[in-house]
Amino acid sequence: METTTNFFNQIAQLQIIGDLHITIAKGAEDRLIVLVMLQNETCGDNAKHSIPPLNLRGTAEELDSGFFENITTPMESASDLMVDMEGYMKQLEDTKKQSAMEKEKADSKKKEQEAKDKKFSEAMAKADELEKEGKFREAWIKVPEIHEFPFKAEEIRRRKSELSAKFAPDLFGSTTETAKTEPSREALFPDYGNANVQEPETEGEEIDAEDMENWEDDPEAEE
Numbered sequence: 001m002e003t004t005t006n007f008f009n010q011i012a013q014l015q016i017i018g019d020l021h022i023t024i025a026k027g028a029e030d031r032l033i034v035l036v037m038l039q040n041e042t043c044g045d046n047a048k049h050s051i052p053p054l055n056l057r058g059t060a061e062e063l064d065s066g067f068f069e070n071i072t073t074p075m076e077s078a079s080d081l082m083v084d085m086e087g088y089m090k091q092l093e094d095t096k097k098q099s100a101m102e103k104e105k106a107d108s109k110k111k112e113q114e115a116k117d118k119k120f121s122e123a124m125a126k127a128d129e130l131e132k133e134g135k136f137r138e139a140w141i142k143v144p145e146i147h148e149f150p151f152k153a154e155e156i157r158r159r160k161s162e163l164s165a166k167f168a169p170d171l172f173g174s175t176t177e178t179a180k181t182e183p184s185r186e187a188l189f190p191d192y193g194n195a196n197v198q199e200p201e202t203e204g205e206e207i208d209a210e211d212m213e214n215w216e217d218d219p220e221a222e223e
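Numbering follows UniProt numbering, in which position 35 of the sequence shown is assigned residue number 35; successive positions increment by one, without gaps.
This is the structure in structure tokens:
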């Protein structure tokens, strides 16, 4: 006579996620040793390996009557635990990824800022060098623009003002330089002296006056 059991039907009704491993060994005095372990390969937390197997001992009749009663709660609890652990691990992994992304963003911003600081420092150093050489206009040009370094706006304004103050008076040429470079009227029209140069018209006028006096004194001229 066949005996119908509902073993697998009851297994199917267990609210578990994972693989149910059942190991059965014969013990002394016709007793059975049954080890029941639930494994969930999707759980990435190694702490799952610390969950011990459920150990049942008894005769075949005892196990038939009390097997599912004794494993249902522990197996379902273990299943819930590993599901929670898996959820925790996923959240932890997401947190790590997010943290890595944030760190990468922070590192990128830091490198970008360091590059800007280096460019600014080099430009200001070049301006200082040109200032020492007396090249104030070139130094003023080397000072970075505010739109390139808005966070250095105050320093840029101050530096440009210092440099512009040193060359502003000569921006369109000073009056002193103009006076020195403009030729004098004497240089354009030199005076060679009247003693050495006699104008023809003046000499002619003097001769005519002398002849007129002689003509007036001559008696024959009157007759």
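Don't be surprised by glycine CBs; every beta carbon is placed ideally from N, CA and C.
Residue i and residue j closer than 8 Å at C-beta
{"i": "K142", "j": "K126", "result": "yes"}
{"i": "D140", "j": "K160", "result": "First, the residue type needs correcting, since residue 140 is Trp and not Asp in the sequence shown. Yes, Cβ-Cβ distance for W140 and K160 is below 8 Å."}
{"i": "P144", "j": "F167", "result": "no"}
{"i": "L20", "j": "V36", "result": "yes"}
{"i": "I16", "j": "S79", "result": "yes"}
{"i": "M85", "j": "A47", "result": "yes"}
{"i": "L63", "j": "L32", "result": "yes"}
Opposing strand residues paired with residue i [DSSP bridges]
{"i": "I24", "result": "V34"}
{"i": "G87", "result": "Answer is none; G87 lacks a bridge partner."}
{"i": "R57", "result": "I33"}
{"i": "D19", "result": "Q39"}
Burial state of residue i, where buried means 16 or more other Cβ atoms lie within 10 Å
{"i": "F136", "result": "buried"}
{"i": "G66", "result": "exposed"}
{"i": "E131", "result": "buried"}
{"i": "A12", "result": "exposed"}
Residue from the options whose Cα sits closest to the Cα of residue i
{"i": "S50", "options": "R57, Q39 and F149", "result": "Q39"}
{"i": "N9", "options": "F68, K26, P150 and N55", "result": "F68"}
{"i": "E41", "options": "M82, D128 and H147", "result": "M82"}
Residue i: CB within 7 Å of a non-hydrogen atom of the ligand NAD
{"i": "F136", "result": "Absence of the ligand NAD from the depicted structure is noted, as is the absence of any ligand whatsoever, leaving it without description."}
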